[in-house]
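Asks: Residue numbers (this note's numbering): 198 to 491. Beta carbons: idealized from backbone N, C-alpha and C, even for Gly. Before we start, here is the structure in question, set down as structure tokens.
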Ligand SMILES: [Zn+2]
């Protein structure tokens with residue numbers, strides 16, 4: 198098993214080899230920027246954590262708990278005990294919260310990550326099983342949890358869709374309401390630009406807004422993926438950590454920023470759920486059977 202740090206060094210070697218071959222100063226710049234970003238997230242992390250299987254059929258060994266509050270964030274719904282994830286997920290959320298705080302976007306309200314050993318959740322999500330998923334509410338207002346109960350389970354969350362979220366999920370003809378601000382756009386940009394983040398799920402109306410309003414530096418829109426619901430929160434998913442050999446990668450996101458027919462599809466009549474997306478389970482990975490039965 199390789200540690201994240203060793204993998205980072207491995208990346209440095211492969212970058213150097215490419216540079217020697219191609220002698221492109223531009224590549225040198227890209228590699229060093231990428232390594233700097235990655236090492237920021239990896240050097241301080243304990244590495245005996247393994248994501249196993251898929252996000253919707255997997256588990257995690259050696260998950261870390263996200264402290265229940267920290268710089269720029271607070272965890273909600275403590276009664277669910279779902280604030281565990283791969284150390285890279287914990288670090289990613291802490292990094293995002295800090296950046297959001299520095300840019301005065303508000304305080305992040307963190308929703309579900311996963312259970313201490315991962316695995317299927319009894320309610321609420323199909324994914325969030327291998328320590329690589331986290332939900333963050335769009336509600337950035339610290340005043341909204343002044344009267345929170347002990348479990349922080351009574352905080353009202355609001356849809357960003359016009360018409361009060363009615364018919365949410367289908368997204369047909371829906372625009373966004375006045376709760377949606379530049380702060381949300383900025384927050385999604387910050388999240389998408391974190392190197393460990395593979396993709397971010399948002400309501401199709403939110404993706405459509407970003408396609409319309411983001412004019413410069415649009416590359417990060419690629420990671421923003423339209424999906425059902427996700428009008429009160431967004432969902433961050435990390436790539437498989439390099440040190441988790443049994444983590445099964447999701448199909449890569451398409452090339453380009455997807456502000457095209459694949460997006461307008463969401464606003465046309467289509468089935469309420471995509472049947473192909475709900476694949477039959479082929480059985481829990483063996484390592485997870487052992488882990489979850491202990
Ligand atoms: Zn989620």
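(1) Output yes if chain C places a C-beta closer than 8 Å to the C-beta of residue 260; else output no.
(2) Do you know whose CA, among 463, 381 and 252, lies nearest residue 335's CA?
(3) Residue 299 by DSSP, collapsed to three states: which one?
(4) Under 8 Å, with one C-beta from each stretch per pair, do the stretch 433 to 443 and the stretch 392 to 401 reach the 3-pair mark?
(5) Between which two residues does the alpha helix (DSSP H) containing residue 392 stretch?
(6) Count the other C-beta atoms from every protein chain shown that fall within 10 angstroms of the C-beta of residue 462, then say buried if there are 16 or more, exposed otherwise.
(7) Could you tell me whether any non-hydrogen atom of ligand 1 is closer than 7 Å to the CB of residue 325?
(8) Please report how far the alpha carbon of residue 234 lies from the alpha carbon of residue 460, in whole angstroms.
(9) Would you report the Cα separation of residue 451 and residue 488, rounded to the nearest angstrom?
(10) Where residue 379 and residue 297 are concerned, what is the direct C-alpha to C-alpha distance, given to the nearest angstrom?
(11) CB of residue 332 to nearest heavy atom of ligand 1: below 7 Å?
(12) Regarding residue 432 and ligand 1, is the C-beta to nearest heavy atom distance less than 7 Å?
(13) Residues bridged to residue 322 by DSSP?
(14) What separation, rounded to the nearest whole angstrom, lies between the Cα atoms of residue 236 and residue 285?
(15) Closest to residue 342 by C-alpha separation, out of 303, 358, 313 and 327, would be which residue?
(16) Under 8 Å between the Cβ atoms of residue 352 and residue 333?
(17) Please classify residue 446: does DSSP put it in a helix, a strand, or coil?
(18) Taking the alpha carbon of residue 360 as the point to measure from, which residue in 354, 350, 373 and 348 has its own alpha carbon closest?
(19) For residue 466, count the other beta carbons within 10 Å of its own beta carbon; 16 or more makes it buried, fewer makes it exposed. Which is it?
(20) Expressed to the nearest angstrom, what Euclidean distance is found between the alpha-carbon atoms of residue 421 and residue 484?
(21) Quick one: is residue 438 buried, meaning 16 or more other Cβ sit within 10 Å of its Cβ, or exposed?
(22) Across which residues does DSSP place residue 254 in a beta bridge pair?
(23) Residue 403 lies in the alpha helix (DSSP H); which residues open and close that run?
(24) With residue 492 as the anchor, note down where its beta strand (DSSP E) starts and where it stops.
(25) With DSSP run on the structure shown, which of helix, strand or coil describes residue 362?
(26) Compare the Cα-Cα distances from residue 246 to each of 444, 457 and 409 and report the closest residue.
Replies: According to the structure shown:
(1) Judged by its chain identifiers, the structure shown contains no chain C, having just a single protein chain.
(2) Against the chain shown, residue 335 aligns to sequence position 138. Here the closest residue by C-alpha is 381.
(3) Residue 299 sits at position 102 when you count from the first residue of the chain shown. The three-state secondary structure of residue 299, taken from DSSP, is helix.
(4) With a cut-off of 8 Å, the stretch 392 to 401 and the stretch 433 to 443 count as touching, because enough Cβ pairs lie within range.
(5) What you label residue 392 is simply residue 195 of the chain shown in a count that begins at 1. That residue, residue 392, is in no alpha helix (DSSP H); it is neither H nor E in DSSP.
(6) Along the chain shown, read from residue 1 onward, the residue named residue 462 stands at position 265. Exposed, by the Cβ-count rule.
(7) For the purposes of this step, residue 325 is taken as residue 128 along the chain shown, with counting starting at 1. Yes - ligand 1 has a heavy atom lying nearer than 7 Å to the Cβ of residue 325.
(8) As a working note, residue 234 is residue 37 in the chain shown. As a working note, residue 460 is residue 263 in the chain shown. Caution is warranted here: a pLDDT of 46 is assigned to residue 234, below 50, making its placement in the model unreliable, and the coordinate value is therefore given only provisionally. Each residue's Cα considered, the two are about 30 Å apart.
(9) Position 254 of the chain shown, counting from 1, holds the residue named residue 451. Position 291 of the chain shown, counting from 1, holds the residue named residue 488. Cα to Cα, the separation comes out at about 34 Å.
(10) In the chain shown, the residue the question calls residue 379 occupies position 182. In the chain shown, the residue the question calls residue 297 occupies position 100. If you draw a straight line from the Cα of residue 379 to the Cα of residue 297, it comes to about 12 Å.
(11) Position 135 of the chain shown, counted from the start, is the residue given in the question as residue 332. Checking the Cβ of residue 332 against ligand 1 gives yes.
(12) Your numbering for residue 432 matches position 235 in the chain shown. At least one heavy atom of ligand 1 is nearer than 7 Å to the Cβ of residue 432, so yes.
(13) Position 125 of the chain shown, counted from the start, is the residue given in the question as residue 322. Note: residue 322 sits in no beta bridge, so no partner.
(14) Reading the chain shown from its first residue, position 39 is the one you call residue 236. Reading the chain shown from its first residue, position 88 is the one you call residue 285. Note that residue 236 has pLDDT 47, beneath the 50 cutoff, so the model's placement of it is unreliable and the number below is only indicative. Whole-angstrom Cα-Cα distance: 11 Å.
(15) Start at 1 with the first residue of the chain shown, and residue 342 comes out as number 145. It is 303.
(16) The residue you call residue 352 lines up with position 155 of the chain shown. The residue you call residue 333 lines up with position 136 of the chain shown. With respect to residue 333, residue 352 sits apart: the two C-beta atoms are not nearer than 8 Å.
(17) Position 249 of the chain shown, counted from the first residue, corresponds to residue 446. Note: residue 446 maps to coil in three-state DSSP.
(18) As a working mapping, residue 360 is identified with position 163 in the chain shown. If we check each option's Cα against that of residue 360, 373 comes out closest.
(19) Counting from 1 along the chain shown, the entry for residue 466 is found at position 269. The residue is exposed, with fewer than 16 neighbouring Cβ atoms inside 10 Å.
(20) If you number the chain shown from 1, residue 421 lands on position 224. If you number the chain shown from 1, residue 484 lands on position 287. If I take the Cα positions, the gap works out to 31 Å.
(21) What you label residue 438 is simply residue 241 of the chain shown in a count that begins at 1. Buried, by the Cβ-count rule.
(22) Within the chain shown, numbered from 1, the residue matching residue 254 stands at position 57. DSSP output for residue 254 lists 251 as bridge partner(s).
(23) Here residue 403 refers to the residue found at position 206 of the chain shown. Residue 403 -> alpha helix (DSSP H) spans 401 to 410.
(24) Because the chain spans 198 through 491 in this model, residue 492 falls outside it and cannot be assessed.
(25) Here residue 362 corresponds to residue number 165 of the chain shown, with the count starting at 1. Only weak support is given to the placement of residue 362: the predicted model assigns it a pLDDT of 45, under 50, and the question is left unresolved by the model.
(26) What you label residue 246 is simply residue 49 of the chain shown in a count that begins at 1. The shortest C-alpha separation from residue 246 is found at 444.
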